[in-house]
Amino acid sequence: MENREKLTGIHAVIFDMDGVLIDTEKYLTRFWRQAALEAGYEIKEEHLLMMRSFASKYAAPRFQELYGPNFDYMAIRQRRKELMAEHLAQHGIEKKPWVDETLDALRKRGYKLAVATATSEERAFPYLEKIGILHKFDKIICASMVENGKPCPDIYLYACAQIDEKPENCIAVEDAPNGVLSAWRAGCHVVMVPDLSQPDDRLKTLIEKKADSLRELLDFL
62 MENREKLTGI HAVIFDMDGV LIDTEKYLTR FWRQAALEAG YEIKEEHLLM
112 MRSFASKYAA PRFQELYGPN FDYMAIRQRR KELMAEHLAQ HGIEKKPWVD
162 ETLDALRKRG YKLAVATATS EERAFPYLEK IGILHKFDKI ICASMVENGK
212 PCPDIYLYAC AQIDEKPENC IAVEDAPNGV LSAWRAGCHV VMVPDLSQPD
262 DRLKTLIEKK ADSLRELLDF L
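In structure tokens, the structure reads:
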């Protein structure tokens, strides 16, 4: 279903945050690698890309499968968070291209807007506030608010319920495979705006469109 020309019957747009609204995916992978190296592990890039938006309850055992039972996922993850927080405090948070223009246009057209992110509430709300777009959303949904994070559908089902819309009337905007799977399993239409990786053949069957930037979302609607 990739690259359908137009989509109708949509009442709301639900955005992933990292890699879609803010340019942080590159730092997540960079500092995961650094934190792991400090602990004595060299993580392959393909594994880091595979883990994007992966809920901790699924990522922890997967990392141990890949790097051994002594891989202390939670400790390394905490160190990654510290490294990333230090970097963002010093350099600021970069907004992805066309964020403001897209959100403003969608709001003007009457769409409900929400965020569904794997990032915790403690970071998601301040991040969105710092780049000046928190007030543009009707709801902010974090993985900590549901039982199962991405790639399970819980977060998108909960987001749809919070904005009082059926999944089939919502578009999810995602950049990574686990997010696409989560939204698709929930029954949302999915537009992928790739960040660090392009959709493979399987992912192409799950998305309505691959967009080069958020700007293309406006034409699609």
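Going by this note's numbering, the residue at position 113 of the sequence shown is 174; the numbering climbs one at a time, nothing skipped.
Where is the CB? At the ideal position from N, CA and C, for every residue including glycine.
Inset, instruction - Pick helix, strand or coil for I268, following the three-state DSSP scheme. - result: Residue numbering aside, residue 268 sits at position 207 when the sequence shown is read from its first letter. Looking at I268 - three-state DSSP - the assignment turns out to be coil, as it is neither helix nor strand.
Inset, instruction - Assign V98 to buried or exposed, taking buried as 16 or more other Cβ atoms, counted over all protein chains shown, within 10 Å of its Cβ. - result: For the purposes of this step, residue 98 is taken as residue 37 along the sequence shown, with counting starting at 1. For clarity, residue 98 is Leu in the given sequence; the question names Val instead. The residue is exposed, with fewer than 16 neighbouring Cβ atoms inside 10 Å.
Legend entry - Opening and closing residue of the beta strand (DSSP E) in which L174 lies: Working through the sequence shown from its first residue, we reach residue 174 at position 113. L174 -> beta strand (DSSP E) spans K173 to T178.
Legend entry - Own chain, CB closer than 7 Å to L144, minus 5 neighbours either side, in chain order: Residue numbering aside, residue 144 sits at position 83 when the sequence shown is read from its first letter. The answer, listed in chain order, is F92, Q95 and A96.
Legend entry - Nearest candidate by alpha-carbon position, reference A136, set L149, E126, G248 and S117: Sequence index remark: in the sequence shown, residue 136 carries index 75 (1-based). Per the Cα distances, S117.
Inset, instruction - Give the DSSP bridge partners of I83, in chain order. - result: In the sequence shown, the residue the question calls residue 83 occupies position 22. D79 and K156, per the DSSP bridge assignment.
Legend entry - Which residues DSSP lists as bridging A233, in chain order: Within the sequence shown, numbered from 1, the residue matching residue 233 stands at position 172. Per DSSP, I75 and V251.
Inset, instruction - Grab me the residues of A13's own chain with a C-beta within less than 6 Å of its C-beta, minus the 5 sequence neighbours each way, in chain order. - result: In the structure as shown, the chain starts at 62 and stops at 282, and residue 13 therefore has no counterpart that could be examined.
Legend entry - Residues that C203 bridges to, as DSSP identifies them: Translated into the one-based positions of the sequence shown, residue 203 becomes position 142. Its beta-bridge partners are T178.
Inset, instruction - Taking 8 Å as the cut-off, decide whether the C-beta atoms of C213 and I75 are in contact. - result: As a working note, residue 213 is residue 152 in the sequence shown. As a working note, residue 75 is residue 14 in the sequence shown. Their beta carbons are not under 8 Å apart, which means C213 does not touch I75 by this criterion.
Legend entry - C-beta contact flag for D236 and D256 at 8 Å: To locate residue 236, count along the sequence shown from 1; it is residue 175. To locate residue 256, count along the sequence shown from 1; it is residue 195. Yes, the pair counts as a contact, with Cβ atoms nearer than the cut-off.
Legend entry - Limits of the alpha helix (DSSP H) - the one that M111 falls within: As a working mapping, residue 111 is identified with position 50 in the sequence shown. Note, M111: alpha helix (DSSP H), E106 to M111.
Legend entry - With 16 other Cβ atoms within 10 Å as the buried cut-off, status of N131: Counted from its first residue, the sequence shown places residue 131 at position 70. Its Cβ having fewer than 16 others within 10 Å, N131 is exposed.
Inset, instruction - Spatial neighbours of E183 within its chain, please: CB distance less than 8 Å, with the 5 preceding and 5 following residues excluded, ordered by chain position. - result: Reading the sequence shown from its first residue, position 122 is the one you call residue 183. Cβ neighbours of E183 beyond the five flanking positions: none.
Legend entry - Under the three-state DSSP convention, the category Y88 falls into: The sequence position of residue 88 within the sequence shown is 27, counting from 1. In the structure shown, Y88 sits in a helix (DSSP, three-state: H, G or I).
Inset, instruction - Report yes if the CB atom of H72 is closer than 8 Å to the CB atom of E226, and no otherwise. - result: Translated into positions along the sequence shown, residue 72 becomes position 11. Translated into positions along the sequence shown, residue 226 becomes position 165. It is a contact, given that the beta carbons lie within the stated cut-off.
Legend entry - CA nearest to the CA of S274, picked from L218, K265, A185 and K157: For the purposes of this step, residue 274 is taken as the residue at position 213 of the sequence shown. Of L218, K265, A185 and K157, the residue nearest in Cα terms is K157.
Legend entry - Among V160, D215 and N209, the one whose alpha carbon lies nearest that of I192: Position 131 of the sequence shown holds residue 192. Per the Cα distances, V160.
Inset, instruction - Starting from the Cα of P228, find the closest Cα among G210, D199 and A247 and give me that residue. - result: Counted from its first residue, the sequence shown places residue 228 at position 167. Out of G210, D199 and A247, A247 has the C-alpha closest to the C-alpha of P228.
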